[in-house]
Amino acid sequence: MTDQVMVNDRAAEHPAFRAWTRLHGSGAAPTKIEVLSQHKKTMVCRLSGLGTASEDVIAKRSFRQYIGVERMVYEDILPELTVSSLRYYGSTEDDDPNYGWLFIEDADGRPYTSRLKAHRIAAGRWLGILHTSSSSHIDALSKLPDRGPGHYLELLLSARQWIERSLNLELESDDLDSLRMIISDFERLEGQWNQLLGFCDKLPRTLVHGDFSNRNIRIRTAPSRGVPTLVSFDWAEAGRGVPPVDILGRFGHGESHSGEPDIYTYWLVVRKIWMLP
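Shown next as structure tokens:
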């Protein structure tokens, strides 16, 4: 559920609005503030009516390092690309130095679903433009975290160590067998890592979103043409990497969280730039 705070004396005390006024000074207050999600000290809010054209603004409070990554993407990279993106309203520090705030346009539009062919085509086109138009911005990409094969190898090794420590717990035999099977799969994947590196070395380094999943995508339709336009948000996992990071997506709880972009559409875009056959 969302927690709605109508504009009154309480609005000025809300941490999202206090952070906004640090950036933009005192001015019109939001017609309401909605807390969309909250976990401990992280928070996502909707500030109604604060945008340039009185549109809603999303305020995001997160760990400082994640806000820093998103700020670089919105300030240094996306403005130089030809890909559609959300309006950026700035970022600022929080009262707690471990956290920060980021403000962007509310991503209205239809929720993305990979079940619709038109959505998958829009995703393939958008990713193709993102990857090809960012691959030449070497200096800007160098400031972002590494999201290449080395990053994922570190995650694999860390996960394996955590599971190995769990073998010492008092678990049922079936659970222990499942953990040992996962460790075996990890070891097999680690043993083939050089093959994966060889494949990735042939690919261009680009800006990768890092979490290009249904929940982070919206589809807008232009009234005149009816052509779907895609916008994506939540760039906290972004970095410099290789295209399969976004094409294949992330896995969790035994299932894929990929936006399942249309590969043929993606290929039609990138082959023109990367001179693919």
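Each number in the numbering used here corresponds to the 1-based position in the sequence shown with 1 added. Glycine is no exception: its CB is placed at the ideal position from the N, C-alpha and C atoms. As the structure is a computational prediction, the values presented were derived from the model and not from experiment.
*Give the secondary structure of M276 by DSSP, where H, G and I count as helix, E and B as strand, and everything else as coil.*
coil
*Taking only the alpha-carbon atoms, compute the straight-line gap between L177 and L197 and give it to the nearest angstrom.*
29 Å
_What residue range does the alpha helix (DSSP H) around Y153 cover?_
In this chain, the alpha helix (DSSP H) harbouring Y153 covers P150 to S167.
*If you compare alpha carbons, which of G129, G242 and R88 is closest to A54?*
R88
*Going straight from the alpha carbon of M2 to that of E35, what length do you get?*
With a pLDDT of 41 at M2, under the threshold of 50, the predicted position of this residue should be treated as unreliable, and no value is reported.
*asked:* Rounded to the nearest angstrom, what separates R77 and D147 at their Cα positions?
replied: In the sequence as presented, Arg is not what sits at residue 77; that position holds Asp. Going by the C-alpha atoms only, they are around 17 Å apart.
_Whole-number beta carbon distance between F104 and Y90, since they are thought to touch under 8 Å_ = 4 Å
_E106 - containing alpha helix (DSSP H), residue span_ = Careful: E106 lies outside any alpha helix (DSSP H), inside the beta strand (DSSP E) at Y100 to E106.
*Hey, how far is the Cα of K273 from the Cα of I248?*
C-alpha separation (whole angstroms): 18 Å.
*asked:* Does G125 come out as helix, strand or coil in the three-state DSSP assignment?
replied: helix
_Where the alpha helix (DSSP H) containing R181 begins and where it ends_ = S174 to G192
_Secondary structure, alpha helix (DSSP H): runs of 4+ residues fully inside the region 16 to 63_ = 16 to 25
*In the DSSP assignment, what residue or residues form a beta bridge with V209?*
G240
*Nearest candidate by alpha-carbon position, reference L82, set D107, S49 and S134*: S134
*Among residues of its own chain, excluding the 5 on either side of A141, which ones have a beta-carbon nearer than 6 Å to its beta-carbon?*
Closer than 6 Å at Cβ, skipping near neighbours: D77 and I78.
*Endpoints, the alpha helix (DSSP H) within which E71 is located*: R65 to M73
_K61 classed as buried or exposed, judged by whether at least 16 other C-beta atoms fall within 10 angstroms_ = buried
_I'd like the span of the alpha helix (DSSP H) that includes V246, first residue to last._
Looking at the DSSP string, the run of the alpha helix (DSSP H) that includes V246 is P245 to L249.
*Could you check what DSSP says for R216 in three-state terms: helix, strand or coil?*
helix
*Are three or more beta carbon pairs between the region 228 to 247 and the region 145 to 164 nearer than 8 Å?*
With contact defined as three or more Cβ pairs closer than 8 Å, the region 228 to 247 and the region 145 to 164 are in contact.
*Would you report the Cα separation of L128 and P262, rounded to the nearest angstrom?*
8 Å
*Considering only C-alpha positions, which residue in the set T93, K118 and I59 is nearest to R72?*
T93
*Is any heavy atom of the ligand SAH found at a distance shorter than 8 Å from the C-beta of N217?*
Absence of the ligand SAH from the depicted structure is noted, as is the absence of any ligand whatsoever, leaving it without description.
*asked:* With three or more C-beta pairs closer than 8 Å as the rule, is the region 149 to 158 touching the region 179 to 196?
replied: Counting Cβ pairs under 8 Å, three or more are found: they touch.
_Judging by CA-CA distance, which residue of P245, G26 and H210 is the nearest neighbour of S86?_
H210
*Mark P80 as exposed unless 16 or more other C-beta atoms lie within 10 angstroms of its C-beta, in which case mark it buried.*
exposed
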